[in-house]
Amino acid sequence: MNNCPYCKEFESRELIHNGETIKRILYETDNFVVFPALGCFIEGYLLIAPKQHYISVGTMPSSLVAEMEEIKNRVKNIITQEYGEPVVFEHGPSAQMLKGVCCIDHAHLHVVPFKMNLHAHVSDHFQGSEISGLDQLKSAGQKAYLFTEGDKQHVFLLDAAIPTQLIRKIIAKEAGITEKWDWRTYPEIENLKKTITNLKRKF
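Numbered per the numbering used here, the sequence shown finishes at 210, counting up by one with no gaps.
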């Protein structure tokens, strides 16, 4: 998509941030890329995204979802070895919720090296159910959802918009860096660069 920052970056191979050019892709296949997040409030915070534009993992073809599951597991193993056990999450928006909303609507999984019971915290806000794989996110249909993964995987179906970057807020608060939840305000470029340096030879 012409207006998607991820699509542009994956094509150019470069992130332009405040006039600085950063090459942040750590690993890729024909279909996916792995790269450190803007707003990398914990070193080692990675994103996994498809090269083709989809709005959520739940809207991706089954063959791509299966590949993403494999990549996710590989990324989790590397993060665990280098930083400690991570949590994984996704905010899967519905097409209706995206209308008129300024956000990154390109599907991406967050992998954050921070051990916590993310499911319990999200359950304070929404009712969820346990699932056994990313392929089951297709069951969300046209609904928006939150996906979390720690020891188990859960999906939370949403009937309305949620506060922006809700799960980042939850993790930042638990990590004692509450104010750094917003990646736009706190891009944490130094942590991003440290992540590149530490992980570029691990894949």
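Here a beta-carbon is modelled for each residue, glycine too, at the ideal position from N, C-alpha and C. Note that this is a predicted model, so its numbers are computed, not measured.
{"query": "At least three beta-carbon pairs within less than 8 Å, the segment 122–129 to the segment 57–72", "result": "no"}
{"query": "Run of the alpha helix (DSSP H) containing Ser136, from where it starts to where it stops", "result": "From DSSP, Ser136 is part of no alpha helix (DSSP H) but of the beta strand (DSSP E) over Gly135 to Ile138."}
{"query": "Distance, Tyr52 Cα to Gly107 Cα", "result": "Confidence at Gly107 is low in this model, with a pLDDT of 39, below 50, so its placement is unreliable and the value that follows should be read with caution. Cα to Cα, the separation comes out at about 29 Å."}
{"query": "Contact check, Pro100 vs Ile138, beta carbons under 8 Å", "result": "no"}
{"query": "Close beta carbons around Lys30, own chain, < 7 Å, minus the five adjacent residues each side", "result": "Arg20 and Glu21"}
{"query": "Closest residue to Gly26 among Thr202, Arg208, Ile196 and Asn205 (Cα-Cα distance)", "result": "Ile196"}
{"query": "Cβ distance (whole Å) where Asp128 is taken to contact Ile177 below 8 Å", "result": "Here residue 128 is His; the residue named in the question, Asp, does not match the sequence. With a Cβ gap of about 5 Å, His128 and Ile177 count as contacting."}
{"query": "Coil, strand or helix - Ala167 by DSSP", "result": "coil"}
{"query": "Nearest candidate by alpha-carbon position, reference His117, set Cys14, Val64, Lys209 and Lys15", "result": "Val64"}
{"query": "Sub-8 Å separation of Ile85 and Phe39 beta-carbons", "result": "no"}
{"query": "Under the three-state DSSP convention, the category His128 falls into", "result": "helix"}
{"query": "Residues of its chain near Gln134, where Cβ-Cβ distance is below 6 Å and the 5 sequence neighbours each way are ignored", "result": "none"}
{"query": "Environment of Pro93 [buried if 16+ CB atoms lie within 10 Å]", "result": "buried"}
{"query": "Asp166 to Gln172 span [Cα, whole Å]", "result": "17 Å"}
{"query": "Below-8 Å beta-carbon distance, Pro100 vs any chain C residue", "result": "The chain labelled as chain C is not found in the depicted structure, where only one protein chain is given."}
{"query": "Cβ pair His98, Leu153 closer than 8 Å", "result": "yes"}
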